[in-house]
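A.B. asks: Residue numbers (the numbering used here), protein chains in the order written: chain A, 1 to 367; chain B, 368 to 638. Even glycine gets a Cβ: it sits at the ideal position worked out from N, Cα and C. This is the structure, below, for whatever I ask next.
Structure follows, in structure tokens:
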């Protein structure tokens, strides 16, 4: 378990600001955030590389103040793998054990099992300069695991390898974690990676933790505009809550009107966040559900990618919807076509619009 | 039509080759002007090489140079590391101080060394009380050599340490290495190339020093002093033979060490 209490650190003009975080034993925890948000610095601080950091770091309940990196029982793996260029693969993997004075027969046993697990037997005498990206990554992970750490700190481990290797590696990482009851803290900027692996996620923006939660909470229910923008929510609009004829609450954004639960005071200005994939498009009027598809829009653009089609729709404000290739085959949507839009209110995330960064949330009232 | 030589097809390379070639020619001429007459009269050369005074001065020069480099290795390596890894206020001042022996006239450096290490000097005096004398003595030669060679070593090695990614040290730490072990097993070996080449240049500078050495210790005589003495007392033929011997020894050692350490510390080559 890792606990951070008000951890702050300044490097040049950048600061990590009062980070509070608890990572449970055996958890695969992700820190995500745009580049330059301090993710790597935070990992290094946990590793003990920056002893001037303020606040408290506890690992398994023990205060890490004055505990040097070599005594923290963790391993750190960088994005560039940072293999020791003057040592062979075998020497890289055994570096930690040798430096700690572990007896040779014990080292041989550990290296044997790692070599087998990561398929490194043909690489042992090579130097890092002659390895491919995928090979380097395997060696780096083997090296990190050789000292049998309780915590693995991974800094964008998949950034530099191709997708096939990546999915293979993701499976391996899952297996290792279960086998060793490892706590993994991983830095990433990929949503896909995070969804696949993370138990929980923290969003770090500008040196500050903006949100902590499960993938679903963070990606679908951002608590601030910063998080919404970073997690790639396609539709972020200004909106206003008004009172309908019979007292129901209606959210207005452009020409879009969405019925929402009752407990939000009329007259509240909000920021509306809706994922493109959550907007339902219907090219024909649905007689069973006319109320749901009460918003009209005109298709202004279609953009196909490998998974589906994203559609720009003018509803007074521009909105982006997304649907699969199969749906596009069925509907044959065209630019200029008029469509009906439905907004399931569970998919609509509202952020109260106030000045500054302090944005409270109505999320609980909606889900 | 026959293809012209690649040099003639590229005007900039042609011009640069002519310009640069004149420098190479200058050095080559300098070597020949000493080597040719000496090789033409090997009997005279052999007799000079056998002189007690010459052998002694060669021995003193190389031994003092060797000890000076050991001292610089021992004290200059930590200094280089600190300068490479840390930013602190006043760092520029320290960097400027280190380069003083580099930019000053050698006689000024000599005067500085003399004033510090003479028997009444602030370093020389306390050492004299324990019977260790720099003035006109072997330790004085070493002191002068160390002083003038410091920047050549420190500047080069510092650059070497800067090229070692600090992340390698971080990883080593988390793998269980203490700060000391990380330095010895990661930072130092990865800087070995720079250490060797900088030490070699500093060593060349040390054994070649004349002005600073002569001011603190005219005796025992180093090769530079001997050549100068023979030049002003005996003339060209007297000094040229010693110079030629020195040239051969230095060149031999320099090339030898370069060859031995050619593959040393090259980790980025793909094997």
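Could you name the residues that DSSP lists as bridge partners for residue 225(A)?
C.D. replies: The sequence position of residue 225(A) within the first chain is 225, counting from 1. Beta-bridge pairing links residue 225(A) to no other residue.
A.B. asks: Just the Cα atoms here: how many angstroms apart are residue 621(B) and residue 607(B)?
C.D. replies: Locating residue 621(B) in the second chain gives position 254, where the first residue counts as 1. Locating residue 607(B) in the second chain gives position 240, where the first residue counts as 1. So the two alpha carbons sit approximately 21 angstroms from each other.
A.B. asks: Taking Cβ to Cβ, would you say residue 538(B) is nearer than 9 angstroms to residue 11(A)?
C.D. replies: In the second chain, the residue the question calls residue 538(B) occupies position 171. In the first chain, the residue the question calls residue 11(A) occupies position 11. Taking 9 angstroms as the Cβ cut-off, residue 538(B) and residue 11(A) do not qualify as a contacting pair.
A.B. asks: Beta-carbon separation of residue 512(B) and residue 427(B) under 9 angstroms?
C.D. replies: Counting from one through the second chain, the residue named residue 512(B) turns up at place 145. Counting from one through the second chain, the residue named residue 427(B) turns up at place 60. Not in contact: residue 512(B) and residue 427(B) (Cβ atoms no closer than 9 angstroms).
A.B. asks: Can you check whether the C-beta of residue 458(B) is within less than 9 angstroms of a C-beta belonging to chain A?
C.D. replies: Mapped onto the second chain, residue 458(B) falls at position 91. With a threshold of 9 angstroms between beta carbons, residue 458(B) makes no contact with chain A.
A.B. asks: So, is residue 365(A) buried or exposed, given that buried needs 16 or more other C-beta atoms within 10 angstroms?
C.D. replies: Taking the first chain and counting its residues from 1, the one referred to as residue 365(A) is at position 365. For residue 365(A), the predicted structure reports a pLDDT of 35, less than 50, and the residue's modelled location is therefore unreliable. The matter cannot be settled from this model.
A.B. asks: Is residue 527(B) close to chain A, meaning its C-beta is less than 9 angstroms from at least one C-beta of that chain?
C.D. replies: Taking the first residue of the second chain as position 1, residue 527(B) is located at position 160. By this cut-off, residue 527(B) is not an interface position.
A.B. asks: First and last residue of the alpha helix (DSSP H) that includes residue 154(A)?
C.D. replies: As a working mapping, residue 154(A) is identified with position 154 in the first chain. Run containing residue 154(A): none in the alpha helix (DSSP H); it sits in the beta strand (DSSP E), 151-155.
A.B. asks: What residues in its chain sit with their C-beta under 8 angstroms from that of residue 588(B), if we drop five residues either side in the sequence?
C.D. replies: In the second chain, residue 588(B) corresponds to position 221, counting from 1. 420, 423, 424, 427 and 596, listed in sequence order.
A.B. asks: Closer than 7 angstroms by beta-carbon distance: list the chain B residues that pair up with residue 76(A), in chain order.
C.D. replies: Position 76 of the first chain, counting from 1, holds the residue named residue 76(A). The answer, in chain order, is 537, 538 and 541.
A.B. asks: So, does the CB of residue 545(B) fall closer than 9 angstroms to a CB anywhere in chain A?
C.D. replies: On the second chain, residue 545(B) is found 178 positions in, with the first residue counted as 1. With 9 angstroms as the cut-off, residue 545(B) counts as an interface residue toward chain A.
A.B. asks: Just the chain A side, please: which residues come within less than 8 angstroms of residue 534(B) by C-beta, in chain order?
C.D. replies: Residue 534(B) sits at position 167 when you count from the first residue of the second chain. The contacting residues are 78, 80 and 82.
A.B. asks: Out of curiosity, what's the CA-to-CA distance linking residue 631(B) and residue 233(A)?
C.D. replies: Translated into the one-based positions of the second chain, residue 631(B) becomes position 264. Translated into the one-based positions of the first chain, residue 233(A) becomes position 233. Going by the C-alpha atoms only, they are around 54 angstroms apart.
A.B. asks: Using the beta-carbon of each residue, which ones in chain A are nearer than 8 angstroms to residue 552(B)?
C.D. replies: Working through the second chain from its first residue, we reach residue 552(B) at position 185. Here the neighbours are 95 and 99.
A.B. asks: Given a limit of 9 angstroms on CB to CB distance, which residues of the region 134-153 of chain A reach chain B?
C.D. replies: 140, 143, 144, 146, 147, 149 and 153
A.B. asks: Mapping DSSP to helix, strand and coil, what is residue 637(B)?
C.D. replies: By one-based count along the second chain, residue 637(B) stands at place 270. Model confidence at residue 637(B) stands at a pLDDT of 41, short of 50, so the residue's coordinates are unreliable; what they give is reported in the following sentence. Correct three-state label for residue 637(B): coil.
A.B. asks: Evaluate residue 13(A) with the Cβ neighbour count: other Cβ atoms within 10 Å of its Cβ, from every protein chain shown; 16 or more gives buried, anything less gives exposed.
C.D. replies: Here residue 13(A) refers to the residue found at position 13 of the first chain. Counting Cβ neighbours within 10 Å, residue 13(A) comes out exposed, since fewer than 16 surround it.
A.B. asks: Indicate whether at least one CB of chain E lies closer than 9 angstroms to the CB of residue 548(B).
C.D. replies: Note that chain E does not occur in the displayed structure, where the protein chains are A and B.
A.B. asks: Runs of 3 residues minimum, wholly inside the region 57-101 of chain A: which ones carry the beta strand (DSSP E) assignment?
C.D. replies: 74-77
A.B. asks: Going by DSSP in three states, residue 395(B) sits in which element: helix, strand or coil?
C.D. replies: Walking along the second chain from the start, residue 395(B) turns up at place 28. Helix.
A.B. asks: If we define contact as Cβ-Cβ less than 9 angstroms, is residue 626(B) a contact residue for chain A?
C.D. replies: Locating residue 626(B) in the second chain gives position 259, where the first residue counts as 1. No, residue 626(B) lies away from the interface with chain A (no Cβ there is under 9 angstroms from its Cβ).
A.B. asks: To the nearest whole angstrom, what separates the beta carbons of residue 436(B) and residue 518(B), a pair I think is in contact under 8 angstroms?
C.D. replies: If you number the second chain from 1, residue 436(B) lands on position 69. If you number the second chain from 1, residue 518(B) lands on position 151. With a Cβ gap of about 14 angstroms, residue 436(B) and residue 518(B) do not count as contacting.
A.B. asks: Is the Cβ of residue 441(B) closer than 9 angstroms to any Cβ of chain A?
C.D. replies: Residue mapping note: residue 441(B) aligns to position 74 of the second chain, counting from 1. Cβ-Cβ to chain A under 9 angstroms: no for residue 441(B).
A.B. asks: From residue 358(A) to residue 197(A), what does the alpha carbon distance come to, in whole angstroms?
C.D. replies: Counting from one through the first chain, the residue named residue 358(A) turns up at place 358. Counting from one through the first chain, the residue named residue 197(A) turns up at place 197. Its pLDDT being 35, under 50, residue 358(A) is placed unreliably in this model, and the coordinates cannot settle the point.
A.B. asks: Any beta-carbon of chain A closer than 9 angstroms to the one on residue 409(B)?
C.D. replies: Position 42 of the second chain, counting from 1, holds the residue named residue 409(B). Taking Cβ atoms only, chain A never reaches closer than 9 angstroms to residue 409(B), which makes this a no.
A.B. asks: By how many angstroms is the C-alpha of residue 202(A) removed from the C-alpha of residue 516(B)?
C.D. replies: Start at 1 with the first residue of the second chain, and residue 516(B) comes out as number 149. Start at 1 with the first residue of the first chain, and residue 202(A) comes out as number 202. If you take the alpha carbons of residue 516(B) and residue 202(A), they lie about 54 angstroms apart.
A.B. asks: Between the alpha carbons of residue 520(B) and residue 586(B), how many angstroms are there, rounded?
C.D. replies: Working through the second chain from its first residue, we reach residue 520(B) at position 153. Working through the second chain from its first residue, we reach residue 586(B) at position 219. Distance between the alpha carbons of residue 520(B) and residue 586(B) is about 27 angstroms.
A.B. asks: So, helix, strand or coil for residue 238(A), using DSSP?
C.D. replies: Here residue 238(A) refers to the residue found at position 238 when the first chain is read from its first residue. Strand at residue 238(A).
A.B. asks: DSSP three-state call for residue 605(B): helix, strand or coil?
C.D. replies: Counted from its first residue, the second chain places residue 605(B) at position 238. Note: residue 605(B) maps to helix in three-state DSSP.
A.B. asks: Within 9 angstroms (strictly less), CB to CB, does residue 72(A) reach chain B?
C.D. replies: For the purposes of this step, residue 72(A) is taken as the residue at position 72 of the first chain. Judged by the 9 angstroms Cβ criterion, residue 72(A) is in contact with chain B.
A.B. asks: Going straight from the alpha carbon of residue 356(A) to that of residue 228(A), what length do you get?
C.D. replies: By 1-based counting over the first chain, the position of residue 356(A) is 356. By 1-based counting over the first chain, the position of residue 228(A) is 228. Caution applies to residue 356(A), whose pLDDT of 37 falls short of 50 and renders its modelled position unreliable; the value that the coordinates give is listed next. Answer to the nearest angstrom: the Cα atoms are 16 angstroms apart.
A.B. asks: Is DSSP giving residue 200(A) helix, strand or coil here?
C.D. replies: Looking up residue 200(A) in the first chain gives position 200. Shown here, residue 200(A) sits in a strand according to DSSP, grouped into three states.
A.B. asks: Going by C-alpha distance, which of 510(B), 514(B) and 558(B) is nearest residue 530(B)?
C.D. replies: Walking along the second chain from the start, residue 530(B) turns up at place 163. Among 510(B), 514(B) and 558(B), the Cα nearest to that of residue 530(B) is on 558(B).
A.B. asks: With DSSP collapsed to three states, give me the class of residue 589(B).
C.D. replies: The residue labelled residue 589(B) in the question sits at position 222 within the second chain. Here residue 589(B) carries a coil assignment [DSSP, helix/strand/coil].
A.B. asks: On the CB-based measure, 16 or more other CB atoms within 10 Å of its CB, does residue 186(A) come out buried or exposed?
C.D. replies: As a working note, residue 186(A) is residue 186 in the first chain. Result: buried.
A.B. asks: What residue range is occupied by the uninterrupted alpha helix (DSSP H) comprising residue 302(A)?
C.D. replies: Indexing the first chain from 1 puts residue 302(A) at position 302. Run containing residue 302(A): none in the alpha helix (DSSP H); it sits in the beta strand (DSSP E), 295-304.
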